[in-house]
Amino acid sequence: MKIAVLPGDGIGPEIVAEAVKVLKALNLKFELETAPVGGAAYEAAGHPLPESTLKLAKQADAILFGAVGDWKYDTLDRPLRPEQAILGLRKHLGLFANFRPAICYEQLVGASSLKPELVAGLDILIIRELTGDIYFGQPRGRRSAADGHFPGADEAFDTMRYTRPEIERIARVAFEAARKRGKKVTSVDKANVLETFQFWKDVVIETHRDYPDVELQHMYVDNAAMQLVKAPKAFDVIVTGNMFGDILSDEASMLTGSIGMLPSASLNDKKQGLYEPSHGSAPDIAGQGVANPLATILSAAMMLRFSLNQPEAADRIEAAVKKVLAQGLRTPDIHSAGTTRVGTVQMGDAVLKALG
Ligand code: NAD
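Below, the structure written as structure tokens:
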């Protein structure tokens, strides 16, 4: 098995180094190969996703990704900006299913901005469709007033679109995932207003016929945004489209109060996946040795479970993370009175030790 390691920019290399350290300690048979991506690749090869990096990613069984981006690249032409590397990887590998668990660890309940009783024990999974919807629909663009569509006014437009196979495959992913958890799926839509999401709802209902053991609930996106802060523990698996998922998964991640703790996975239909922390490259703290590596280490655990068929190794990593939290070790982002402040490398070392 081969893992492509793409550390990227900012804190990316620091946190990926810790995850690689943990992976190596498991003594499993896989090959790790590193390649530049994002701003680092732009500096090295003139493009955020060079051909050689894309080739490695395509050949690999899984990709361990750090983060990309830095404000210094904000003035580059859009196709050359670091973030384009992620979009390119999603597109070329067909990574249509994004998994974002939002788990509130017992020891970090106080870090949430919600009342402890609302988030204690929280364990929800947001499954976001990643390659369709208004982010990719055509046509899109701008028209000037001179084109005469709306006399006297310039305009911009995007197209919201989903096909039946796109909805069906993400619905299946959600029902399958729910079967291994709380057996409940909430499909989030805006069927009351949008044709695309009435169709989404219809196809989800049809697909559900194959999963009678899983409960299906429908919720409008505005209500879902509200329920996520009112009673988040009422959810098990949420499945939704690309744009709604983009927004709701960030909202859900904040319920846990600690962006440095949240892993993510983006999978294609061959279970090949890209695994990355939910946060960005944090240029404000890069190079200081203070970044929290746990989201990346937990992303490596998801990789072992979903793409590399090593669920026991994944369990070992997750148990080790819980153990270091119970020991009171905290990077600055999750530090509070009475706990021990550690840096990136010390946190990685502690997880390594806790693997047993
Ligand atoms: P960010 O997630 O990088 O940082 C937001 C805040 O969270 C910052 O204060 C940062 O210091 C903190 N933070 C993030 N990760 C942390 C960690 N592991 N440990 C401790 N603190 C952490 O978001 P941003 O500041 O909006 O964006 C910075 C850059 O990252 C931008 O160039 C953006 O485009 C890029 N970005 C990349 C990805 C990705 O690679 N998938 C995702 C989001 C943002």
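The sequence shown runs 8 to 363 under the numbering used here. The C-beta atom is built at its ideal place from N, Cα and C for all residues, glycine as well. The structure presented is a predicted model; accordingly, all values stated were derived computationally and were not measured.
Check	Outcome
Which residues count as close to the ligand NAD when the rule is a CB under 5 Å from any of its heavy atoms, in chain order?	74, 75, 76, 267, 286, 287, 288, 289, 291, 292, 298, 299, 340
Write down the C-beta distance between residue 329 and residue 112 rounded to the nearest angstrom, noting that I regard them as a contact closer than 8 Å.	7 Å
By a C-beta neighbour count over all protein chains shown, 10 Å radius and 16 as the cutoff for buried, is residue 217 buried or exposed?	exposed
Let me know the secondary structure DSSP gives residue 9 once reduced to three states.	strand
Quick check: residue 69 and residue 279, are their CB atoms within less than 8 Å of each other?	yes
Taking 8 Å as the threshold, find out whether the stretch 79 to 86 comes into contact with the stretch 33 to 44 through three or more Cβ pairs.	no
Based on Cα-Cα distance, which residue from 76, 273, 238, 214 lies nearest to residue 130?	238
I'd like to know whether the C-beta atoms of residue 147 and residue 162 end up nearer to each other than 8 Å.	no
Can you have a look at residue 193 and say buried or exposed, based on whether 16 or more other CB atoms are within 10 angstroms of its CB?	buried
I need the straight-line Cα distance from residue 66 to residue 151, nearest angstrom please.	44 Å
What three-state label does DSSP hand residue 131 in the structure shown?	strand
Just curious, the beta strand (DSSP E) that residue 150 is in, first and last residue?	148 to 150
Could you check where the alpha helix (DSSP H) with residue 109 kicks off and where it finishes?	Run containing residue 109: none in the alpha helix (DSSP H); it sits in the beta strand (DSSP E), 104 to 110.
Name the DSSP beta bridge partners of residue 39, please?	10
Just how far apart, CA to CA, sit residue 12 and residue 362?	22 Å
Smallest Cα separation from residue 272: which of 345, 243, 189, 136?	136
Per DSSP, what kind of secondary structure is residue 79 in: helix, strand or coil?	helix
Cβ atoms of residue 165 and residue 133: under 8 Å apart, would you say?	no
Does DSSP put residue 342 in a helix, in a strand, or in coil?	coil
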